[in-house]
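Numbering (full-length UniProt numbering), first residue to last: 1 to 133. All residues carry an ideal CB built from backbone N, CA and C; glycine is no exception. Keep in mind it's a predicted model, so treat the numbers as computed, not measured.
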């Protein structure tokens with residue numbers, strides 16, 4: 001905000017802070033990037049690289065394991081937070097639901113062996129079941 005005012009008006013940082021009633025130290029402190037923020041930026045880039053490499057299928061648990069394999073140890077919560085900040089959401093696999101071709105169960109087929117009469121000799125009728133294929 002102060003930077004925008006400074007660019008538009010051309011006033012000094014001291015004058016703008018005085019008008020706003022802010023100490024100058026607050027302005028300068030907010031511009032300093034902490035070591036934690038630098039680590040988060042590096043870690044976030046690595047998380048994003050792993051996430052994209054595995055086609056958006058790795059959630060935070062698998063990414064934590066991959067990071068530890070690479071020698072970058074960090075907590076689950078930190079990875080979750082960084083993924084959330086960057087909008088990285090893993091694709092969840094859908095559960096398998098068996099369906100027939102038209103989407104509903106048909107009536108069972110009739111028993112043709114019983115209709116035509118029982119066989120009198122071996123190898124006269126051959127039958128099979130494919131319900132589990």
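Within the UniProt domain "HTH-like" (38 to 94), the alpha helix (DSSP H) runs of at least 4 residues that lie entirely inside it are, in chain order, 60 to 69 and 76 to 86.
If you check the CB distance, residue 67 and residue 46 come in under 8 Å. When C-alpha distances from residue 48 are compared across 87, 33 and 75, the shortest belongs to 87.
By the Cβ-count criterion, residue 28 is exposed, with fewer than 16 other Cβ atoms from all chains shown falling within 10 Å of its own Cβ.
About 11 Å separates the Cβ atoms of residue 60 and residue 50, ruling out a contact at the 8 Å cut-off. By a beta-carbon distance limit of 8 Å, residue 43 contacts residue 82. Their separation comes to about 6 Å. DSSP, read as helix, strand or coil, puts residue 129 in coil.
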